[in-house]
Structures are given as structure tokens and as C-alpha cells.
Amino acid sequence: MRISVIGCGYLGAVHASAMAELGHEVVGIDVDEAKITALSEGRTPFFEPGLPEVLTSAMASGRLRFSTNIADAAGAEVHFVAVGTPQKKGSHAADLTYVNAAVEALLPHLNVGDLIVGKSTVPVGTAARLAAVIEASGSGATLAWNPEFLREGFAVQDTIAPDRLVYGVPEGLAGDRAVAQLNEVYASAIDTQTPLVVTDYATAELVKVAANAFLATKISFINAMAEIAEVSGADVTQLADAIGYDTRIGRRFLNAGVGFGGGCLPKDIRAFTARAEELGRGESVAFLKEVDAINLRRRQRVVDLTVSALGRPVYNAKVAVLGLSFKPHSDDVRDSPALDVAVQLRGLGADVVATDPQAIENSRSRHPQITYSTNIEETLRGADAVVLVTEWPEFKSIDPSWAAELVTTRTIVDGRNTLDAAAWRAAGWTYYGLGRP
Ligand code: UGA
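Residues -18 to 418 in the numbering used here are what the sequence shown spells out, letter by letter.
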């Protein structure tokens, strides 16, 4: 099938490459020339495990090309809209400028029977509005909403073998045809009995934000328990294990620590709150404001814990920060708790040296005031305190006895509760976790 993918960021570049890998003929389109040049040369403009391999093989097959010209979408039967919906400046709502612009730009290039498929995360009601725009254009195209559930770091496998598919389609024949077209796009997932929910636009849009809201709530729930554990002497990691054995609760996404970040969870819960308020139902998701507040408090907690653990004035104290990306296996620093902690400590006058296997460049361009090092040993040398804020395997496997010889003071704040506290203490470290003794 001929497919166009509008927007070649984290979502679109992976989607375009994966669709070509699955045998479709794909053109990826983006207004960012640098991004398109890189992708056309087989280079990924961001770090995503497995993507370089899929991109290279799809390019070699001749089924994948990239362009900055929206007219190159003409001739494709299915057009995926995978542009960003960032948080609006000065508001909690989603900025729909790019989604609106992508659909408008596509209109002159559509043929009767084409399917536009929204993948971007949007406030409920957006698809119905865009469907009316497409209808009014007289293009004869149909709109479907097909939210994406991929996780950065696992994006390629999540796209090729998703855990579920959701199609939001209109009623009637146009909807039936849209389902048939999407089933052809996702033939391999359909063949392997991937659960499929065919529904209306509003439900499809809401499924996505509800899923992210639930995940964010789960993380903030356990972080709230960490706050209580901190004042009661309990151990939140054992608590998570114990409640996680209940399969109704489950252990995944119950890791207490510095909290969630990234380009999705934080802005999605804020946009959901803003949309619910517009719809007159702000109270229904008012708890998400608390989820957000708990999450942001954990960053502050890591900063405060570090400052109090220093045992000397923070000004000019050398603090080694391990981690910058919002989670391991990603170079993404959007709303990253790790980078935020580094920036706050620097703001307090600490001499921060930070390292990360992939996210240094993205961090440096945003916050040049921090000293970055690509070397763990150099980062640790002479530190008055060490703060681990992203649980990269490289940091988890640091030998505490080796690290002990490098630092000035053996103080470690484990902002992800990921280290073996007993092993670090045995090597002479003062260990601080979050919500664990
Ligand atoms: C999230 C969702 O998990 C995906 O299903 C969704 O498709 C995606 O957003 C999106 O909307 O595009 P992602 O942003 O890649 O995916 O990251 P997650 O794996 O969800 O992690 C989010 C944050 O939560 C990270 O900062 C992570 O460190 C933190 N986290 C996760 C915790 O603090 N504790 C946990 O137990 C789990």
C-alpha cells in the first residue's frame, strides 16, 4: 500500500520506517530540512534503539523516501498525521497548530477514497472538527483516528508489533472502508490476533489520553506513598513489590523516584485537564493536577535531599549528576526530571558535572551553564555528592568500591531507587533513596 507520513519526529520517523519495513511504499514528509536530509541519508536525527537498522534496511529496499514537499503525499492512499501537539505557551492546553496545518496542507493533494489517519495525541473533539474541514474541502477523503501507544526506547518493536490497535472511524460505509484500509496497513498485526478496538472518534482520542493519565497516576500514586514512607520510616520499594503481587494492581509503573517526564505524560495530563475544563467537566479530572503536583515535588525532593546531604554549603560544591534523559535508552530531555534536577542544583550555585550516554548534546543546547562529561570516571572525580537521576544500565552497574576512590565525599542520592543500597553502604557510602531507608 502507498502511505505518506506527515511529521518525522520521534513518532513519524519510526512509523514511516516501520511501515516500509512491513512492505508498504512510504514517503515521510517534514518541514524541517535538516531532519529530512539526515533521514534521506539513512541517519536518524535522534537516538532510538533499533531505528537505524530499520531505517537503513527500508531505504535499501527502495520502499522508503523522505521529502520536505507535501505535494509528494499525492498518490498515497493512506496519509498518517504524526506531528507534535506540544503544550501551548502560557497555558496547559495542547497546541494544535501543527495538526491543523498538516491537514490543511494535505487537502489539495488528496484523491477520492484516500484515508487521513490522525496519530498525534489531541484533545477530544479534534477529529470531529477536522473531519468537517476535510468534508467541506470536497476532497472525497475520510478521516480516522488511530492513536499511538509506542514507548520511546522500544518504539520500533511497539510499532511493528503493537499490544493493541484502536481505530476511531465515522459511521457507515466510509467507516467500513476506513477499517478495511487500516487492516491492510496493519495486516501483520491483524494476522497475529492483536486486539483491535473499532470505535468512534471521541473514544479513540480519549483512549490515548486516558492511558497516559492512568500511567501518570500510577507513578504519582507510588511517589505519594514514597512521601508517606519518608515520614514514617517505611520502604516504598518493598511496599510496591507487595501491592504489585496483586494482579489487579500489578508491579509495572510502580517505581518510585524522581518522577515522570518526557514529551508525553506531563503535557498530556495538563492538556486533558484543560480540555475537561473547556467541556465543563474540570472536576472529573481535577485529580490530575495533584498527579502533576506530586510529580513535580519529587524533583524538588531530590534537590533538597542532595543539598542537605552535602554537609557543606551548596555554593561551589561539586555535584556529579548521573543521567539527563527523561528515561534510559533515549536522548530525549523534554521535561526531563534528571535535567531539571541538574539545572536546579546549578541554579543554587553547585558546580554540577553531568553525564549521560545519549542526552548530552540535547541538554547542552538547552542548558550550556552546566558542565557535561562523556566519561563516568571524570564526572565522579572529586564529587562532594553523586545524584543518580536516570537509571541507565551504565550507572546501575557502577562498582561502589571503584567509585568510592574517585569522589571527595561518599554521598549518593539514588533518585530512581535503582541501586543496591546495602552494597553501596558496605563500600562506605552514605546512601539516600526516595521513600526507602
Ligand atoms: C509514554 C507511554 O508509556 C506510551 O504508552 C505512550 O505511547 C507515550 O507516552 C506517548 O504518549 O507517546 P514514554 O513517554 O516513552 O511513553 O515513556 P514511559 O515509558 O511511559 O515513561 C514516562 C516517564 O515515567 C519516564 O520519565 C519514566 O522514568 C517515568 N517512570 C516510569 C517512573 O518514574 N516510574 C515508573 O515506574 C515508570
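Idealized CB from N, CA, C, for every residue including glycine.
When the distance is taken between beta carbons, is residue j closer than 7 angstroms to residue i?
| i | j | result |
| --- | --- | --- |
| V217 | R(-17) | no |
| D316 | G242 | yes |
| H310 | P30 | yes |
| G348 | V367 | The question names Gly, but residue 348 in the sequence shown is His. No. Outside cutoff. |
| Y(-9) | A108 | no |
| D365 | A290 | no |
| A(-3) | V(-14) | yes |
| L415 | A86 | no |
| E358 | T399 | no |
| P374 | W405 | no |
| P318 | V239 | yes |
| V333 | V370 | no |
| V179 | V160 | yes |
| A419 | V272 | The requested residue 419 is not part of the displayed model; the chain covers only -18 to 418. |
| F130 | V190 | no |
| G99 | V59 | no |
| V7 | L45 | yes |
| T102 | D249 | yes |
Need the endpoints of the alpha helix (DSSP H) that residue i sits in, please.
| i | result |
| --- | --- |
| T287 | 268 to 291 |
| E386 | Careful: E386 lies outside any alpha helix (DSSP H) and carries neither H nor E. |
| G(-7) | -9 to 2 |
| D157 | 154 to 166 |
| L111 | 107 to 118 |
| E211 | 182 to 213 |
| T336 | Note, T336: premise wrong, no alpha helix (DSSP H); beta strand (DSSP E) at 332 to 336. |
| E34 | 32 to 42 |
DSSP puts residue i in a beta bridge; with which residues?
| i | result |
| --- | --- |
| F61 | V(-14), V98 |
| D227 | D227 is not bridged to any residue. |
| W126 | G99, G149 |
| L88 | None; L88 has no bridge partner. |
| Q68 | A75 |
| L177 | L146 |
| L369 | L303, D395 |
In three-state DSSP terms, what is residue i?
| i | result |
| --- | --- |
| D395 | strand |
| Y353 | strand |
| I379 | coil |
| G244 | coil |
| G23 | coil |
| A83 | helix |
| L220 | helix |
| D316 | coil |
| D144 | coil |
| Q325 | helix |
| L339 | First, the residue type needs correcting, since residue 339 is Gln and not Leu in the sequence shown. Note: Q339 maps to coil in three-state DSSP. |
| K308 | coil |
| A257 | helix |
| P104 | coil |
| L361 | helix |
| D13 | coil |
| E264 | helix |
| R251 | helix |
| P294 | coil |
| A52 | helix |
For the beta strand (DSSP E) that residue i lies in, which residues bound it at each end?
| i | result |
| --- | --- |
| R46 | 45 to 48 |
| S401 | Strictly speaking, residue 401 in this sequence is Asp, with Ser absent from that position. Segment: none, D401 is in no beta strand (DSSP E) and carries neither H nor E. |
| Y412 | 411 to 413 |
| E6 | 6 to 10 |
Would you decide whether residue i is buried or exposed? Buried here means 16 or more other CB atoms lie within 10 Å of its CB.
| i | result |
| --- | --- |
| P176 | exposed |
| P338 | buried |
| T360 | buried |
| T123 | buried |
| Q219 | exposed |
| G9 | buried |
| Y296 | exposed |
| Y226 | exposed |
| I209 | exposed |
| W126 | buried |
| K70 | exposed |
| W383 | exposed |
| N92 | exposed |
| P89 | exposed |
| P294 | exposed |
| A407 | exposed |
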